[in-house]
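To keep things clear, I will list the structure first and then write my remarks on it.
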Amino acid sequence: MNIAIIDSGLDIHNQTFKNKVINGVHISLNRDSSFEIDSNYAEYTNGHGTAIAELISEIDPEANLFIVKISSFDKKLTEGLIVMAFEYCNAHYHIDIYNVSLGILTKNPGNKLYSICREIVNKGAIIISSAHYHPNIPCYPAFFPFVFSVATGVSKADLNEFLYLGEGNINVIGHGVKQQVTWCENCIEEVAGSSYATARFSGTLSRLLRDNPGFTAGRLPGLLSRFSSENVKQLYFIDRENIEVQLNETYVKEEDTKEVQILFYPFSDKKFNRYFSSLTYSSEYIRILFDEQDALKHKKIAGVHLTDLTNTELEKFKVIIGDVYNSKIDLDLECFMSLTERLISSNVNIYCLNERVYNYIHSIISKDDVSYKGKLVNLHSHFSRKDKNIVDKAEPPKEKPIVAVSGIDAMENLILTSRLRSALSEVYQLKSSIIVTCNYGLLEGGNVCIPYQRSDAGRIDFKQMASIVDNCISNDKCEVIFTYDQGLPNSNYLNNYIYNNKTLALTLEYFTSVIPDLFVFSINGTYRYDETINYITRVTNFFSLKASEYIIVYSNIDRISLLNELDNKINNKGETRRLFCLKKQAKSACKSIIEKFIK
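Numbered per full-length UniProt numbering, the sequence shown spans residues 1 to 599.
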């Protein structure tokens, strides 16, 4: 069987191809849109094509490989390159199977790509192409009805088995996780994705066709149905990128999975579900935790609801928590807070894949009134470190304070934050500080002014603002005072976007890596109280703040009855220090309350 591999080239020094005669061609796209063809298919390969060729050769060593390396001056894959590769092979060589472990993401593929693929198939050749990791996203040539579209799956038995689905966007499910391949310069890598599932299917089909002569392209469905295996399960959301995460044996061992079950949360963290979701098929002891019905509507994985678990059942789990802050599912963050309480009270061992998640849980168990006998382990950025030590509960003392100020009006913030900054400077001898507010455009600071950043759609660019602050923190440039903004501006065009459930997640997402020492919330007498109180309640719950850890500032409120009403709604009970930020208020008031706070 002659197999053309349209990819990134081949490392001819790979031991797999030591005794094989392999021909090939290099097709490159120049800056002037012209194409250049030469024989240098083995130069400057990135390893992907080598891995594909190696998998095919291991499954069918007798297959003849023809390498078609495609490249572009700007290192981008174009439809024209794929078309040129097909046309060249079709004109100069007899190819039985085309392996295309790549594709173009588009809803409207060009006529040239359609025509050449149609012509090749009409001649009796077979095109096998990888689908997008999300099966509903159009990817070509895989989505053409006459092309075999391969998605990623996991096999419980033979890795070369496949599941034939018949007609549709996805035709074949192949094993595509935990693939050991040789990358560049004989470096062993563990990879996953539909690219490698496609290669496995190409090699398997090549062997099947040689062992079963007489099966033409038109009779292939019968052959594939005969050898289709139910042992292969489809995985959704398996990332196309190389998997670099490695599960440390310290945390998941084969011998103890019968006693300790593994619980992952949230499923929306794609950086590890692409790997760990495959384990839910191979082990009955691994589960994904979810609390939202729609979260797993289209994901056939083993799941469990937190509310269905008793504390005794929860104690049987080792819990691995991913990145809840970057989740697109609003409830993930709220469920995480509820989950944390349950885990701590049940003394469950907690393993954090995310630094901010670890910091948040660490801040809770470090409190004097919290008794936690489990283990909290910081696994850092998705198992990027091999040596993972348990960090002690005690945090090093902070030399300088970080204060989070939340105001609801640019002018009010100007008054409040400037006085706080001045007072803090005297109390803590701060030479400089930064004040960041997310309200519409306040510029305030010590030596640094940070402008309000917003996109063309009028949305506040929290990430850009946060990156500036994070840079100052990491470089120890100055002390930082920033704003958690509840989003109640006068501007109607911003109001609908800013104040919703996602606002808090966006804001907290980028600032919880540094837990402030003091929170200051402001309630203005001229604004809606319910939304403000709801915001304060959510933030205090999120950080598990004690009454002594935050200050309520009542601005322009002169009625005692309203003041008491607001206190009751916040469940303040008079425990929190109240600061009145009126127009005539002097800096001494701010200084006084801060001095009381630090005592």
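For glycine and all other residues, C-beta sits at the position ideal for the given N, C-alpha and C.
| message | Checking the sheet assignment: what are the DSSP bridge partners for C89? | response | Paired residue(s): none; C89 is not in a bridge.
| Under the rule that 16 or more other beta-carbon atoms within 10 Å means buried, what is R31, buried or exposed? | exposed
| Supposed close pair A197, V150 - CB separation, criterion 8 Å | 5 Å
| With distances taken from CA atoms, which of R342, C89 and S130 is nearest G103? | S130
| Distance, F86 Cα to residue 614 Cα | Since the first residue shown for the chain is 1 and the last is 599, residue 614 is missing from the structure and cannot be characterised.
| query | Do the segment 216 to 231 and the segment 161 to 168 meet, that is, are 3 or more Cβ pairs less than 8 Å apart? | reply | yes
| On the three-pair Cβ rule with 8 Å, is the segment 62 to 77 touching the segment 5 to 22? | yes
| Can you name, in chain order, every residue of its own chain whose Cβ lies under 8 Å from the Cβ of T16, other than the five neighbours on each side? | A53, E54, S57, E58 and T182
| task | Alpha carbon to alpha carbon, how far is L353 from F317? Give it in angstroms, no decimals. | result | 16 Å
| field | DSSP three-state assignment for F227, whether helix, strand or coil | value | helix
| query | What span of residues does the beta strand (DSSP E) with I3 cover, start to end? | reply | N2 to D7
| query | First and last residue of the alpha helix (DSSP H) that includes V21? | reply | It is not in any alpha helix (DSSP H) - V21 carries neither H nor E in the DSSP assignment.
| field | L314 beta carbon less than 7 Å from that of S346 | value | yes
| task | Please confirm whether I3 and L65 have their CB atoms less than 7 Å apart. | result | yes
| field | Limits of the beta strand (DSSP E) - the one that C117 falls within | value | Where C117 is concerned, there is no enclosing beta strand (DSSP E), although the alpha helix (DSSP H) it sits in stretches over N111 to N122.
| Distance, Cα to Cα, G322 vs N378? | 11 Å
| Is C139 closer than 7 Å to L113 when the C-beta atoms are compared? | no
| said: Please report the straight-line C-alpha distance between G168 and D60, rounded to a whole angstrom. | reply: 27 Å
| request: Report yes if the C-beta of L314 is less than 6 Å from at least one heavy atom of the ligand PLP; otherwise report no. | output: The ligand PLP is absent from the structure shown, which contains no ligands of any kind.
| field | Spatial distance of K18 from Y133 (CA atoms) | value | 33 Å
| said: Can you give me the C-alpha to C-alpha distance between K76 and T50, rounded to a whole angstrom? | reply: 19 Å
| request: Measure the CB-CB distance between A63 and I95 and report whether it falls below 7 Å. | output: no
| request: Put I126 into one of helix, strand or coil per three-state DSSP. | output: strand
| field | Start and end residues, beta strand (DSSP E) containing I70 | value | N64 to S72
| In its own chain, which residues sit with a C-beta less than 7 Å from the C-beta of residue 604, not counting the 5 before and 5 after it? | Residue 604 is absent from the structure shown; the chain starts at 1 and stops at 599.
| request: Less than 8 Å between the CB atoms is what I'm expecting for N349 and K375, so what's the real figure, rounded? | output: 5 Å
| said: Along the chain, where does the alpha helix (DSSP H) containing H48 start, and where does it finish? | reply: H48 to I59
| field | N46 versus R118 - alpha carbon distance | value | 30 Å
| task | Taking F201 as part of the alpha helix (DSSP H), name the residues at either end of that continuous run. | result | S194 to D211
| field | Nonlocal neighbours in the same chain, by C-beta distance under 6 Å from G110, ignoring five residues either side | value | E79
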